[in-house]
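Colleague:
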Amino acid sequence: MTRIGDDPEAFEAFYREHVQTMLRYAARRCRDPFAAADLVADVFLAAISAASGYREELGSPVAWLHGIARNIAAAEDRRAARLWSAENRICGHRLLESDDIARLEERLDAEQASRGLLEGMAALPSSQRAVLEMIAVDGLSVTEAAAALNISTVAARVRLHRARKAMQRELAKKTAPNSAPSFSSPLEVS
Amino acid sequence: MNPERFEERLMHELKNHVEQRAQDTSAAERAPRPSRIHRRSWVPAGLTAGLAASVAAAVLVLNPAGGAGSAAAGRNTAESPVTADDSLDRISTVAYTLKRDPHGTVNVTIRDAGAERPDLTRLQQDLKRMGVNARVYQDDPTCQPDPGEDPELGSATLKAIDFHHRDGAFTATIRPGKFPTGTHLEIVFPPLPKGSPLIDTIAFGLRNGEAPDCRHMFFSESELPASTATTPGEIVPDRS
Chain A
1078 MTRIGDDPEA FEAFYREHVQ TMLRYAARRC RDPFAAADLV ADVFLAAISA
1128 ASGYREELGS PVAWLHGIAR NIAAAEDRRA ARLWSAENRI CGHRLLESDD
1178 IARLEERLDA EQASRGLLEG MAALPSSQRA VLEMIAVDGL SVTEAAAALN
1228 ISTVAARVRL HRARKAMQRE LAKKTAPNSA PSFSSPLEVS
Chain B
119 MNPERFEERL MHELKNHVEQ RAQDTSAAER APRPSRIHRR SWVPAGLTAG
169 LAASVAAAVL VLNPAGGAGS AAAGRNTAES PVTADDSLDR ISTVAYTLKR
219 DPHGTVNVTI RDAGAERPDL TRLQQDLKRM GVNARVYQDD PTCQPDPGED
269 PELGSATLKA IDFHHRDGAF TATIRPGKFP TGTHLEIVFP PLPKGSPLID
319 TIAFGLRNGE APDCRHMFFS ESELPASTAT TPGEIVPDRS
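So the sequences go chain by chain: A and B. In terms of my numbering, the first sequence opens at residue 1078 and continues consecutively. In terms of my numbering, the second sequence opens at residue 119 and continues consecutively.
#1: Output yes if chain B places a C-beta closer than 8 Å to the C-beta of G1169 (chain A); else output no.
#2: One question on the structure: do Q242 (chain B) and R229 (chain B) come within less than 8 Å of each other, judged by their Cβ atoms?
#3: For a contact defined as C-beta to C-beta under 8 Å, what are the partners of L132 (chain B) on chain A?
#4: Consult DSSP for D1176 (chain A) and reduce its assignment to one of helix, strand or coil.
#5: Kindly examine the ligand GDP and report whether one of its heavy atoms sits closer than 7 Å to the Cβ of V250 (chain B).
#6: Do you know how far the Cα of P263 (chain B) is from the Cα of D1154 (chain A)?
#7: Assuming V226 (chain B) contacts L238 (chain B) under a Cβ cut-off of 8 Å, what Cβ separation, rounded to an integer in Å, is found between them?
#8: Buried or exposed: where does K1250 (chain A) fall if 16 or more other Cβ atoms within 10 Å of its Cβ makes it buried?
#9: State the DSSP-derived secondary structure class of E304 (chain B), mapped to helix, strand or coil.
#10: Which one of B:E304, B:V250, B:S210 has the shortest CA to CA distance from A329 (chain B)?
#11: As a quick exercise: from B:P309, B:T291, B:A278, pick the residue whose alpha carbon is nearest that of F297 (chain B).
#12: Determine the extent of the beta strand (DSSP E) in which N326 (chain B) is found, giving its start and end residues.
#13: Excluding the five sequence neighbours on either side, which residues of its own chain have a C-beta within less than 7 Å of the C-beta of S1259 (chain A), listed in chain order?
#14: Check each residue of the region 1205-1220 of chain A: if its Cβ is closer than 9 Å to any Cβ of chain B, include it; give the result in chain order.
#15: Using DSSP with H/G/I as helix, E/B as strand and the rest coil, what is S1129 (chain A)?
#16: On the three-state DSSP scale, how would you describe T291 (chain B)?
#17: Measuring straight from C-alpha to C-alpha, what distance separates Q138 (chain B) and D1083 (chain A)?
#18: Just how far apart, CA to CA, sit T301 (chain B) and A274 (chain B)?
#19: From V212 (chain B) to T289 (chain B), what does the alpha carbon distance come to, in whole angstroms?
#20: Alpha carbon to alpha carbon, how far is Y255 (chain B) from A1240 (chain A)?
#21: Using a cut-off of 7 Å between C-beta atoms, extract the partners of T143 (chain B) located in chain A.
#22: Report yes or no: do three or more beta-carbon pairs, one from the region 1195-1211 of chain A and one from the region 1119-1133 of chain A, lie closer than 8 Å?
#23: How many Å lie between S1218 (chain A) and P1138 (chain A) at the Cα?
#24: What number of angstroms, rounded off, separates the C-alpha of E1094 (chain A) from the C-alpha of E122 (chain B)?
#25: Which ranges does the alpha helix (DSSP H) cover as unbroken runs of at least 4 residues, wholly within the region 1088-1147 of chain A, from first to last along the chain?
#26: Going by DSSP, which residues form a beta bridge with H1238 (chain A)?
#27: What does V1096 (chain A) reach in chain B if we use C-beta pairs closer than 8 Å?
#28: Given a threshold of 16 other Cβ atoms within 10 Å of its Cβ, counted over all protein chains shown, does M129 (chain B) qualify as buried or as exposed?
#29: For a contact defined as C-beta to C-beta under 7 Å, what are the partners of D1177 (chain A) on chain B?
#30: Have a look at V179 (chain B) and D219 (chain B) and give me their C-alpha separation to the nearest angstrom.
#31: Tell me whether the beta-carbon of R1171 (chain A) lies closer than 8 Å to the beta-carbon of A1225 (chain A).
#32: Hey, does S1114 (chain A) have any beta-carbon neighbour from chain B nearer than 8 Å?
#33: The beta strand (DSSP E) that contains S210 (chain B), what's its start and end?
#34: Applying the criterion that 16 or more other CB atoms from any shown protein chain within 10 Å of the CB defines a buried residue, is K246 (chain B) buried or exposed?
#35: Could you have a look at L1201 (chain A) and say whether DSSP puts it in helix, strand or coil?
#36: What in chain A is Cβ-close to A140 (chain B), meaning under 9 Å?
Structure, rendered in structure tokens:
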């Protein structure tokens, strides 16, 4: 893993293993194919830059990459990430061709429900939201989410529990008084 | 239509980026300590006001004056205020790398062969982004020949710029904080060689006042005067 920053072949293996995961991640958070392509490029550029600091005890590669993606996707970091990307002349959306755009648009459509779910989490405290996003939306395990967020598994479980409760309360408020809220949603994570 | 998907194209771009990083790291590890190399490699040479195109060495030209014509890169850069983008500390392309340290010193590495010649307009813009007020030229033989250096800027140039050649690249250390008021960095690339991207000479210097539109300082043998008066402002590092 630590070699992906200076070994092209090691990077290729890493990239092939995770690019689809990152495309899904981007499709859940971006509203157009161009932004999604830029996000994926930025995440891998940041991974290349940070690879030498990776240590196995901090979590699996996929958890590490989600941690990077989360930082890159955060609004405050996007500006710096774009600058960094431009600096290196690798701009995801410039690599898109018409058939790629069509494919990504299909992906974005498929992830519409996930984006709605993410928007529904907006009211949660950021620490709870982060755990819930990674587990309910991105499909990470509690252990992986904890590693990505650099917190203990116990803390991740506590935050997840609180986030789910808060979301259930929000859903209950929005539901008509006579109809029972349905909790069998993606928020139900074992 | 390109049969490759976005994922494949992005992978190739990123692999090239990784390869470039590896080469940069390797070159940095091979490089001896700059201060020692600087002392050893700089050899004062008695040259004429112009530099014969046949000289296979890096040249630091101390504020050569004169010239008019058309520019290789945008004219506005040298005149407009330069504000560094503080979030940038490294810019890397196939042809050159710029690195800035916390004190604002910018290291410019330009590969001399086996790579593309730098895009001069982009190099000028990238230097500006790094906080260096610079003007980058391609030598233009149709431009008025360079009449010689400004002696008043000689010592300032030595303080502001270190320049040497090693491991297949020209390396200049630029200290924008040492630029005298009203001056800017001037970089002149030699005429394009036919059929080869090899760069055997580059001129770095400071210039006072308005930037000219073009520069001509690399002369063919036929342009050189018969006498070879020494120009103290010109220093040639030994490539050996």
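Yeah, the Cβ is synthetic: ideal placement off N, Cα and C, and Gly gets one too.
Modeller: Taking the structure as given:
#1: Residue 1169 (chain A) sits at position 92 when you count from the first residue of the first sequence. For G1169 (chain A), the answer is yes, since a Cβ of chain B falls inside 8 Å of its Cβ.
#2: Residue mapping note: residue 242 (chain B) aligns to position 124 of the second sequence, counting from 1. Residue mapping note: residue 229 (chain B) aligns to position 111 of the second sequence, counting from 1. The answer is no: Cβ separation not under 8 Å.
#3: Translated into the one-based positions of the second sequence, residue 132 (chain B) becomes position 14. Per Cβ cutoff of 8 Å: F1088, Y1092, A1118, F1121, L1122, I1125, I1167.
#4: On the first sequence, position 99 is the one that residue 1176 (chain A) refers to. Helix at D1176 (chain A).
#5: The ligand content of the structure shown is nil, which means the ligand GDP is not present either.
#6: By 1-based counting over the first sequence, the position of residue 1154 (chain A) is 77. By 1-based counting over the second sequence, the position of residue 263 (chain B) is 145. At D1154 (chain A), the pLDDT of 44 sits below 50, so the modelled position is not reliable; the number obtained from the coordinates is stated separately. Distance between the alpha carbons of D1154 (chain A) and P263 (chain B) is about 49 Å.
#7: Looking up residue 226 (chain B) in the second sequence gives position 108. Looking up residue 238 (chain B) in the second sequence gives position 120. The pair is not a contact, with the Cβ atoms about 13 Å apart (cut-off 8 Å).
#8: Here residue 1250 (chain A) corresponds to residue number 173 of the first sequence, with the count starting at 1. Flag for K1250 (chain A) reads exposed.
#9: Here the question's residue 304 (chain B) lines up with position 186 in the second sequence. In this structure, E304 (chain B) counts as strand in the three-state DSSP scheme.
#10: Mapped onto the second sequence, residue 329 (chain B) falls at position 211. Among B:E304, B:V250, B:S210, the Cα nearest to that of A329 (chain B) is on B:E304.
#11: To locate residue 297 (chain B), count along the second sequence from 1; it is residue 179. Nearest C-alpha to F297 (chain B): B:A278.
#12: Within the second sequence, residue 326 (chain B) is the residue found at index 208, counting from 1. First-last of the beta strand (DSSP E) with N326 (chain B): 321-326.
#13: For the purposes of this step, residue 1259 (chain A) is taken as residue 182 along the first sequence, with counting starting at 1. Confidence at S1259 (chain A) is low in this model, with a pLDDT of 43, below 50, so the placement of that residue should be treated as unreliable; the coordinate-derived value is given next. Answer for S1259 (chain A): no residue qualifies.
#14: Residues are counted here when their Cβ sits less than 9 Å from a Cβ of chain B; for the region 1205-1220 of chain A the count is zero.
#15: Position 52 of the first sequence, counting from 1, holds the residue named residue 1129 (chain A). The answer is helix: DSSP assigns S1129 (chain A) an H, G or I state.
#16: As a working note, residue 291 (chain B) is residue 173 in the second sequence. Strand at T291 (chain B).
#17: One-based indexing of the second sequence puts residue 138 (chain B) at position 20. One-based indexing of the first sequence puts residue 1083 (chain A) at position 6. Q138 (chain B) and D1083 (chain A): Cα-Cα distance of roughly 8 Å.
#18: Position 183 of the second sequence holds residue 301 (chain B). Position 156 of the second sequence holds residue 274 (chain B). So the alpha carbons of these two residues sit roughly 10 Å apart.
#19: Translated into positions along the second sequence, residue 212 (chain B) becomes position 94. Translated into positions along the second sequence, residue 289 (chain B) becomes position 171. Roughly 15 Å separates the two Cα atoms.
#20: Stepping through the second sequence from its first residue, residue 255 (chain B) is reached at position 137. Stepping through the first sequence from its first residue, residue 1240 (chain A) is reached at position 163. Taking the CA atoms as reference points, Y255 (chain B) sits about 60 Å from A1240 (chain A).
#21: Indexing the second sequence from 1 puts residue 143 (chain B) at position 25. Result: D1083.
#22: Between the region 1195-1211 of chain A and the region 1119-1133 of chain A there are fewer than three C-beta pairs closer than 8 Å, too few to call the two in contact.
#23: Taking the first sequence and counting its residues from 1, one reaches residue 1218 (chain A) at position 141. Taking the first sequence and counting its residues from 1, one reaches residue 1138 (chain A) at position 61. Between the alpha carbons of S1218 (chain A) and P1138 (chain A) lies a gap of roughly 13 Å.
#24: One-based indexing of the first sequence puts residue 1094 (chain A) at position 17. One-based indexing of the second sequence puts residue 122 (chain B) at position 4. In this model, E1094 (chain A) and E122 (chain B) are separated by some 18 Å (Cα to Cα).
#25: Within the region 1088-1147 of chain A, the complete alpha helix (DSSP H) runs of at least 4 residues are 1110-1127.
#26: Taking the first sequence and counting its residues from 1, the one referred to as residue 1238 (chain A) is at position 161. Looking at the DSSP assignment, H1238 (chain A) forms no beta bridge with any residue, so it has no partner.
#27: Stepping through the first sequence from its first residue, residue 1096 (chain A) is reached at position 19. Taking a Cβ-Cβ cut-off of 8 Å, the neighbours of V1096 (chain A) in chain B comprise E125, L128, M129, given in sequence order.
#28: In the second sequence, counting from the first residue as 1, residue 129 (chain B) sits at position 11. Classification for M129 (chain B): buried.
#29: The residue given as residue 1177 (chain A) occupies position 100 in the first sequence. By Cβ distance, chain B contributes R123, F124.
#30: Within the second sequence, numbered from 1, the residue matching residue 179 (chain B) stands at position 61. Within the second sequence, numbered from 1, the residue matching residue 219 (chain B) stands at position 101. At V179 (chain B), the pLDDT of 40 sits below 50, so the modelled position is not reliable; the number obtained from the coordinates is stated separately. Their Cα atoms are separated by approximately 25 Å.
#31: Here the question's residue 1171 (chain A) lines up with position 94 in the first sequence. Here the question's residue 1225 (chain A) lines up with position 148 in the first sequence. Annotated as distal: R1171 (chain A) and A1225 (chain A), with beta-carbon spacing of 8 Å or more.
#32: Along the first sequence, one-based indexing puts residue 1114 (chain A) at 37. Note on identity: in this sequence residue 1114 (chain A) is Ala, with Ser being the wrong assignment. Yes, because at least one Cβ of chain B sits closer than 8 Å to the Cβ of A1114 (chain A).
#33: As a first step, residue 210 (chain B) must be located in the second sequence, where it is residue number 92. For S210 (chain B), the uninterrupted beta strand (DSSP E) segment begins and ends at 208-210.
#34: Taking the second sequence and counting its residues from 1, one reaches residue 246 (chain B) at position 128. K246 (chain B) should be labelled buried.
#35: The count along the first sequence starts at 1 and reaches residue 1201 (chain A) at position 124. Shown here, L1201 (chain A) sits in coil according to DSSP, grouped into three states, outside any helix or strand.
#36: On the second sequence, position 22 is the one that residue 140 (chain B) refers to. Near A140 (chain B) (Cβ distances below 9 Å), the residues of chain A are G1082, D1083, D1084, P1085.
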